[in-house]
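S.K.: For reference, the structure I am asking about is given below.
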Amino acid sequence: MPVLPLPTPGRVEVEQWVDAHLGHLTLETDVAGSTRFFGGQRAADAALQAFDVAGYAARRNEVLPVGRRGASALSPWIRHGLLTLAEVWDHVADGPERDVRKYRDELLWQEYARHVYARLGRRTAEGLRHERAVVPADGWDRSMACLDAVVGELESDGWLVNQTRMWLSSDWTVRHGGRWQEGEDRFFQHLLDGSRAANRVGWQWTTGVGSSKPYGFSRWQVEKRAPGLCATCPHERTCPIGDWPDDAVETVAVTPVELGKVAGPPALAGPLHPESLGEPEAVWLTAESLGDRDPALVAHPELPVVFVFDAPLLSRLRLSAKRLVFLVETLAELAEHRDLEIRLGRVVDELDGRRLAVTHAPVPGFAERSSVLDVVVRHPYPWLRPPHSGSIRSFSAWRR
Ligand SMILES: Cc1cc2nc3c(=O)[nH]c(=O)nc-3n(C[C@H](O)[C@H](O)[C@H](O)COP(=O)(O)OP(=O)(O)OC[C@H]3O[C@@H](n4cnc5c(N)ncnc54)[C@H](O)[C@@H]3O)c2cc1C
């Protein structure tokens, strides 16, 4: 496959670039970026500087009006390594004690999800404790004002507050019996922060397949978190979610997954110190760690940098163009100060024969690809907490 031309920074220019080079791989036929988020280190750093944690604990669950929200909306940049959890952790240090504690708890949830994924990998696609009986379900009822507003935001911004992620996942599976994995895929296609690690933990916990109790979504939460929205709904007087969903979960046996203490470190955790087997000739950048402060980029400032759009993977996933615009905006900015090459094809073919330095990514796809490539220098993944071999049965067991 050819090396792609370098993109020019700018939303319109990047959308045109994605349309021309990746448009055959996107979910939508019309390529458009997120109405809210921009890729790139400058946007990430500006968003972090602008975030004030004061009020987070009281307002993190608010939905509407948007001005009442306390969520930081940093997740797209966190997801792609433009902001590490440690940087965000440090940024809030001077905030009010209650808000700092709550916010750091949420950062630890992200780290927990990453640790679960590093230990279990693709097994997280199955219920960790049990599975639910399912019925065919097809999406959310957009004639309801609450679901319409939230699905609309997912599709236009590529982002949702945690509260509305819980509404949608509960509605899909707990109320309507839809297969949680299909809902998770739907989220994954649209979310700029979509990760199998956090998305699967979120769905497993909300729908109860990985936790002891499912989350019930009903009108009550809409009135509390988005006051006034129900008054605009055609179903206001005959609300189909007026009552709690029946949470008598019909469970299906699954092969138990090992969540207790294990013998060694998680299979996908990677090294805790840089490992070197020789002289690299290029830095391989992955979508897990795209920031200017990526450890491999920083350690090898003189080397060219290569990023590969994984054509078979994108063809299978059919991600929203919003995600690709976000990534290309990041790459366009990087190309302003690094010698960057962007390729499209099978990762192992595109990088074949090159001696690479890379930052480890604790995901199965990276393990498979890097094992057949000539990776001569591997930098550790920037963990907030080093992965351990203790119990991951629950968040509280994990953090002990
Ligand atoms: C069904 C479902 C699916 C989800 N899918 C994803 C996903 O694909 N990617 C993703 O990053 N998060 C996911 N989450 C977790 C959470 O909803 C988002 O991280 C959060 O809403 C992002 O917005 P924020 O940056 O404003 O978060 P804030 O509330 O400002 O929190 C700051 C950071 O803490 C972390 N965080 C917060 N809440 C959680 C949580 N419950 N679990 C894990 N990390 C958390 C994120 O890194 C977030 O950016 C999901 C949650 C649910 C219930």
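When we follow the numbering used here, the leftmost residue of the sequence shown carries the number 3, and every step to the right adds one. Every residue, glycine too, gets a C-beta built ideally from N, C-alpha and C. For clarity, every value in this text was computed on a predicted model and none was experimentally measured.
1) Is any heavy atom in ligand 1 found nearer than 7 Å to the beta carbon of E108?
2) Taking the C-alpha atoms as reference points, what is the distance between G280 and E304?
3) Please list, in chain order, all residues of the same chain as S278 whose beta carbon is under 6 Å from its beta carbon, the five residues on each side excluded.
4) Between the Cα of D195 and those of R121, E290, K215, spot the shortest distance and give me the residue it belongs to.
5) Just curious, the beta strand (DSSP E) that D312 is in, first and last residue?
6) DSSP beta-bridge partners for T288?
7) Looking at the unbroken beta strand (DSSP E) that takes in R380, where does it start and where does it end?
8) Can you tell which of A60, G123, T28, G57 has the C-alpha that lies nearest to the C-alpha of E370?
9) Kindly provide the chain-ordered list of residues whose Cβ lies closer than 6 Å to any non-hydrogen atom of ligand 1.
10) In chain order, what are the residue ranges of uninterrupted beta strand (DSSP E) at least 3 long that sit wholly in the stretch 49-127?
11) Comparing C-alpha positions only, which one of Q206, A269, R103 sits nearest to S391?
12) Taking 8 Å as the threshold (C-beta atoms), are L8 and R320 in contact?
13) Helix or strand or just coil, what does DSSP make of R357?
14) Taking a contact to mean a Cβ-Cβ separation below 8 Å, would you say W161 touches F219 in this structure?
15) Beta-carbon within less than 7 Å of L375's beta-carbon, same chain only, minus the 5 sequence neighbours each way: which residues are those?
16) Out of T86, T31, N63, E17, point me to the one whose CA is closest to L50's CA.
17) With DSSP run on the structure shown, which of helix, strand or coil describes L270?
18) To which residues of the same chain is L336 closer than 6 Å at the C-beta, ignoring the five residues directly before and after it?
19) Helix or strand or just coil, what does DSSP make of V5?
20) Shortest alpha-carbon distance to G210 belongs to which of W182, P273, L76?
21) Look at the alpha carbon of E338 and the alpha carbon of Q43, and state the distance between them as a whole number of angstroms.
22) So, using beta-carbon positions, are R395 and E113 closer together than 8 Å?
23) Counting only the same chain and skipping the five closest in sequence on each side, list residues whose C-beta sits under 8 Å from that of R134.
M.R.: Concretely, from the data shown:
1) True, at least one ligand heavy atom lies under 7 Å from that Cβ.
2) The alpha-carbon of G280 is positioned some 16 Å away from that of E304.
3) Its chain contains V379 as the residues whose beta carbon lies nearer than 6 Å to that of S278, once the 5 sequence neighbours on both sides are disregarded; these appear in chain order.
4) Ranking R121, E290, K215 by Cα distance to D195 puts E290 first.
5) Start and end: 307-312.
6) None; T288 has no bridge partner.
7) Element bounds for R380: 377-381.
8) Closest by alpha carbon: G123.
9) Checking every Cβ against the heavy atoms of ligand 1 under 6 Å gives R62, A73, S74, A75, L76, S77, I80, R81, E108, L109, W111, Q112, A115, V163, N164, R167, M168, S171, F189, L193, D195, G196, S197, A200, N201, G204, W205, T208.
10) Qualifying beta strand (DSSP E) stretches: none in this window.
11) Nearest option by C-alpha distance: A269.
12) For R320 and L8, no; Cβs fall outside 8 Å.
13) In the three-state reduction of the DSSP assignment, R357 falls in the coil class, being assigned neither a helical nor a strand state.
14) Contact flag unset, no.
15) Counting only Cβ-Cβ distances below 7 Å, and skipping sequence neighbours, we find V350, L353, L358.
16) Comparing Cα positions, the closest option is T86.
17) Coil, per DSSP.
18) Excluding sequence positions up to five before and after L336, its CB lies within less than 6 Å of the CB of L342, all in the same chain and listed in chain order.
19) Residue state, collapsed to three classes: strand.
20) Of W182, P273, L76, the residue nearest in Cα terms is W182.
21) So the alpha carbons of these two residues sit roughly 12 Å apart.
22) Contact: no.
23) Take R134, set aside five residues on each side of it, and the residues of its chain with a beta-carbon closer than 8 Å to its own are T175, G179, W182, T209, G210, V211, V251, E252, T253, V254, in chain order.
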